[in-house]
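Engineer: Residue numbers (the UniProt record's numbering), protein chains in the order written: chain A, 1 to 265; chain B, 1 to 450. Please read through the structure below; I'll follow up with questions.
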């Protein structure tokens, strides 16, 4: 859908949204992420690719401190969002996660109505003062997620009763509803069929107007289709990062080249 | 594809080698053996279930055939003239009911004469047909209804347990030789009274609502007071073990760090579930009664002891149902900025609720049927006064519990109490079955898929 990534915009972008510096992640004694430095541009899609177990999901989860929920996980280095270190002791991860939303591999709507799924975030963050405002947030989130036309007449039906693709878009709508600045997506299409995948990809492309999106994907075609910049991870190391076009057509590193040509992974 | 596969077999068709399967229509020995093993295993299973069912039926039959009798009781219809003079006399005497007994004796003699039944037995012998509680029935009525004094009131006076047993087939004529309370003349009279319609056997509400009675009048004993004792205990158990158990499970499952100390706690909780209940009983005796000086025989103490017993059950089942909630639900809540507590209380706990409630009800049902610890803390109070005037009024007053009452009855010598014990078991089983059915309904209703 974007054969021509927004080259000019990406190139002229100087101030990055997220800037990671010498990030190390340990699971107990395992050194899972080594020395990762990356700048993530605002209002664009950055794809993390790499073979299984390379640490791309782990790194993604450090960006909203979801790794905090794992006892043995330890993060070193600094990750700054808009210049603020998210691992500063003063930062409450709960507040951070409202700013950096997340969409997971497997669609995980709450076993509640479609309406309640979307309304839950705004409710706990106090984003609406009245029922009308909440309705407005729900409607606009569903519209942004391209789901409004399909569900507007059945908002009180359970979110778990929808198709997989719809569920995943519901989860994206749920993430949008708390108006985050960054949306992290961890292989959002891996459980979906090609048609549902196409819809989600289309949605991601639209969302980049308003949000900074980081997506982990196993599919190199998907990375090529939706992202402006791509980062290639291998064995916990960020091997190469750059414009998606360059990574796929003119990789600088031998490992990147081997991976995208299908020699391993 | 190589051309060797296209080459037809040379010469005549080769004969099948004997150790190869040639046709799937024939069973080879190995398959036969496996099928036989499977058939045998199924048979063992059916036999096992058959044995189980046989014992269940035998048990139910034993309980029902022995216990149903407790739910009906024989009453004697007597027209008693309530005379103000006689009542005043009776109230002045020391043992008041003995005078009332005399009133009944006169009335009963008239009743027999009216039905054209003649007997040579003395009034004292005739008294043996009635429960010793009959006089109290007349007295209570006369005192409660002064306006009826001066009229003749038809009473249904409770018959003695022997008469009742004879009509139920429990007491036989050949047993009379060993029974000093009754002889053949009584039974002849009972037969005559029955055909004259003076005796009536009907459903015995006072068995369900009544209190325990002394050894000499099993016909008056009821399980009602101990039911109230059990109810108070269950309230204590529910209001202590549910919040404590759920809070402990949530903390252990969701918040506690994984270290040696929490491992130790987990192992101990699992072990506690297997500790014999009598151990909890002696613990309760030592801690709650001897150390804390809480009253003996009180439902509060019983409830505390049973809470200790129920907690491991509730914690284990709650943790299992918390574990069964998929982590993706927690991630989903955390991912949109819910705090850990919000994710647990808004999403995880509601999903785990059916499991928690089921575990709680099963735990309560276990506690309801528990006897041994109650014996140690004296929850076998003899409560013979009627509720609500009686002492079985609250959490601190002495009481009994249903299983303890059943045990007490089973210990007593009179076969009429034996019948009561079986009847009490039926009442207890009805409670347990009701609780289990509620658990099943809750599980079905709140079961959600994700």
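C-beta atoms are modelled at their ideal positions from N, C-alpha and C, and glycine is treated no differently.
For my contact list, residue 128/A and residue 137/A are in at a C-beta cut-off of 8 Å; report their separation, rounded to the angstrom.
Structural biologist: About 6 Å separates the two Cβ atoms, so the contact holds.
Engineer: Confirm, please, whether the CB-CB distance from residue 372/B to residue 278/B is below 8 Å.
Structural biologist: Cβ distance < 8 Å, so residue 278/B and residue 372/B count as in contact.
Engineer: Under 8 Å, Cβ to Cβ, is there at least one residue of chain B near residue 205/A?
Structural biologist: Not an interface residue.
Engineer: Determine the closest residue to residue 78/A out of 88/A, 171/A, 169/A, with distance taken between C-alpha atoms.
Structural biologist: Of the candidates 88/A, 171/A, 169/A, the one whose C-alpha sits nearest the C-alpha of residue 78/A is 88/A.
Engineer: How about residue 159/B and residue 76/B: are their beta carbons less than 8 Å apart?
Structural biologist: In this structure, residue 76/B lies closer than 8 Å to residue 159/B by Cβ.
Engineer: Could you say which of 124/A, 52/A, 109/A lies nearest to residue 345/B if we only look at CA atoms?
Structural biologist: Here the closest residue by C-alpha is 124/A.
Engineer: So, for residue 203/A: in the same chain, excluding its five sequence neighbours on each side, which residues have a beta-carbon less than 8 Å away from its beta-carbon?
Structural biologist: So the qualifying residues of the chain are 145, 146, 169, 172.
Engineer: Figure out for me which residue from 382/B, 267/B, 84/B has the closest Cα to the Cα of residue 145/B.
Structural biologist: Comparing Cα positions, the closest option is 84/B.
Engineer: Touching or not, the segment 18-34 of chain A and the segment 58-75 of chain A, by the rule of three or more beta carbon pairs under 8 Å?
Structural biologist: Because the criterion of three Cβ pairs below 8 Å is met, the segment 18-34 of chain A and the segment 58-75 of chain A touch.
Engineer: Between which two residues does the alpha helix (DSSP H) harbouring residue 40/B extend?
Structural biologist: That run of the alpha helix (DSSP H) goes 29-67.
Engineer: Would the segment 44-51 of chain A and the segment 223-238 of chain A be scored as touching if the rule is three or more Cβ pairs under 8 Å?
Structural biologist: Verdict: yes, contact present.
Engineer: Apart from the five residues just before and just after residue 36/A, which ones in its own chain have a Cβ nearer than 7 Å to its Cβ?
Structural biologist: So the qualifying residues of the chain are 20, 23, 59, 238.
Engineer: Looking only at its chain, what residues have a beta carbon closer than 7 Å to the beta carbon of residue 438/B, apart from the 5 residues adjacent to it on each side?
Structural biologist: Only 361 meet the Cβ criterion.
Engineer: Mind reading off the beta-carbon distance from residue 66/A to residue 306/B? Whole number of angstroms is fine, and I expect it under 8 Å.
Structural biologist: Wrong, their Cβ atoms sit about 43 Å apart, outside the cutoff.
Engineer: Near residue 178/B, what residues of its chain come up, given a Cβ to Cβ distance below 8 Å and the 5 sequence neighbours on each side ignored?
Structural biologist: Excluding positions up to five away in sequence, the list is empty.
Engineer: Which residues bound the beta strand (DSSP E) around residue 142/A?
Structural biologist: Element bounds for residue 142/A: not the beta strand (DSSP E) but the alpha helix (DSSP H), 131-144.
Engineer: In terms of residues, what are the limits of the alpha helix (DSSP H) holding residue 108/B?
Structural biologist: Here the alpha helix (DSSP H) through residue 108/B covers 96-114.
Engineer: Mind checking who residue 234/A pairs with in its DSSP beta bridge?
Structural biologist: Answer is 237/A, bridged to residue 234/A.
Engineer: Nearest chain B C-beta to residue 224/A closer than 8 Å, yes or no?
Structural biologist: Closer than 8 Å: no.
Engineer: Kindly indicate if chain E contains any beta-carbon less than 8 Å away from that of residue 101/A.
Structural biologist: Of the protein chains in this structure, namely A and B, none is chain E.
Engineer: Taking 8 Å as the threshold (C-beta atoms), are residue 177/A and residue 251/A in contact?
Structural biologist: Not closer than 8 Å, so no.
Engineer: With three or more beta-carbon pairs closer than 8 Å as the criterion, would you say the segment 134-145 of chain B touches the segment 101-109 of chain B?
Structural biologist: With the cut-off at 8 Å, the segment 134-145 of chain B and the segment 101-109 of chain B touch.
Engineer: Check this for me: beta carbons of residue 183/A and residue 103/A, under 8 Å apart or not?
Structural biologist: In this structure, residue 103/A lies closer than 8 Å to residue 183/A by Cβ.
Engineer: If we call anything under 8 Å between Cβ atoms a contact, is residue 204/B one with residue 73/B?
Structural biologist: Closer than 8 Å, so yes.
Engineer: Which complete beta strand (DSSP E) runs does the segment 176-246 of chain A hold, if anything under 3 residues is left out?
Structural biologist: Fully enclosed beta strand (DSSP E) runs of 3 or longer: 182-186, 212-216, 229-234, 237-243.
Engineer: Do you know offhand how far residue 98/B's Cα is from residue 90/B's?
Structural biologist: Near 8 Å, if we compare the C-alpha coordinates of residue 90/B and residue 98/B.
Engineer: In the DSSP assignment, find the unbroken beta strand (DSSP E) run with residue 417/B in it and report its ends.
Structural biologist: Here residue 417/B belongs to no beta strand (DSSP E); instead the alpha helix (DSSP H) covers 415-446.
Engineer: Quick one: Cα of residue 112/A to Cα of residue 225/B, how far?
Structural biologist: Distance between the alpha carbons of residue 112/A and residue 225/B is about 46 Å.
Engineer: Give a yes or no on whether the minimum CB-CB distance between residue 436/B and chain A is below 8 Å.
Structural biologist: Chain A contact via Cβ: absent.
Engineer: Which of the residues in the segment 112-128 of chain A, read from start to end, lie with their CB under 8 Å from any CB of chain B?
Structural biologist: Taking 8 Å as the Cβ-Cβ cut-off against chain B, the residues of the segment 112-128 of chain A that qualify are 120, 121, 124, 125.
Engineer: Between residue 316/B and residue 247/B, what straight-line distance do the alpha-carbon atoms span, to the nearest angstrom?
Structural biologist: So the two alpha carbons sit approximately 12 Å from each other.
Engineer: Starting from residue 144/A, find everything on chain B with Cβ-Cβ shorter than 9 Å and list it in chain order.
Structural biologist: Within 9 Å Cβ-Cβ: nothing; residue 144/A doesn't reach chain B, min ~15 Å.
Engineer: Taking only beta-carbon positions, decide if residue 164/B is within less than 8 Å of chain A.
Structural biologist: Closer than 8 Å: no.
Engineer: Tell me, please, which residues DSSP counts as bridged to residue 80/A.
Structural biologist: Bridge partners of residue 80/A: 19/A, 85/A.
Engineer: Listed in chain order, which residues of the segment 321-344 of chain B have Cβ atoms closer than 7 Å to some Cβ of chain A?
Structural biologist: Per Cβ criterion, the list reads 328, 329, 331, 332, 334, 335, 336, 337, 338, 339, 342.
Engineer: Closer than 8 Å, CB to CB, is residue 66/A near chain B or not?
Structural biologist: With 8 Å as the cut-off, residue 66/A counts as an interface residue toward chain B.
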